[in-house]
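Novice: Quick one: the structure is below, questions incoming.
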Amino acid sequence: MSALYLETWRILSELGLIVFLSLANITQDILDRKKK
Numbered sequence: 000m001s002a003l004y005l006e007t008w009r010i011l012s013e014l015g016l017i018v019f020l021s022l023a024n025i026t027q028d029i030l031d032r033k034k035k
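The following block contains the structure:
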């Protein structure tokens, strides 16, 4: 396995985690607004 492949995989997984957390926060905001 090349170093470039590992580096790309690491960056993609970090980006994926950030996107996932952002979506979770947005979903929570929407749910909170609907309750009010």
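Heads up, the sequence shown stops at 35 in numbering that gives the first Met the number 0, and the numbers go up one at a time, no gaps.
Cβ atoms here follow ideal geometry from the backbone N, Cα and C, with glycine treated the same way.
Quick check: the Cα distance between Ser1 and Phe19, rounded to an integer number of angstroms?
Specialist: For the purposes of this step, residue 1 is taken as the residue at position 2 of the sequence shown. For the purposes of this step, residue 19 is taken as the residue at position 20 of the sequence shown. When rounded, the distance between both Cα atoms is 27 Å.
Novice: Give me the Cα-Cα distance between Leu14 and Lys33, rounded to the nearest whole angstrom.
Specialist: In the sequence shown, counting from the first residue as 1, residue 14 sits at position 15. In the sequence shown, counting from the first residue as 1, residue 33 sits at position 34. Approximately 29 Å between the Cα atoms of the pair.
Novice: Roughly how many whole angstroms lie between the Cα atoms of Leu30 and Leu22?
Specialist: In the sequence shown, counting from the first residue as 1, residue 30 sits at position 31. In the sequence shown, counting from the first residue as 1, residue 22 sits at position 23. Looking at the two C-alpha atoms, the distance is approximately 12 Å.
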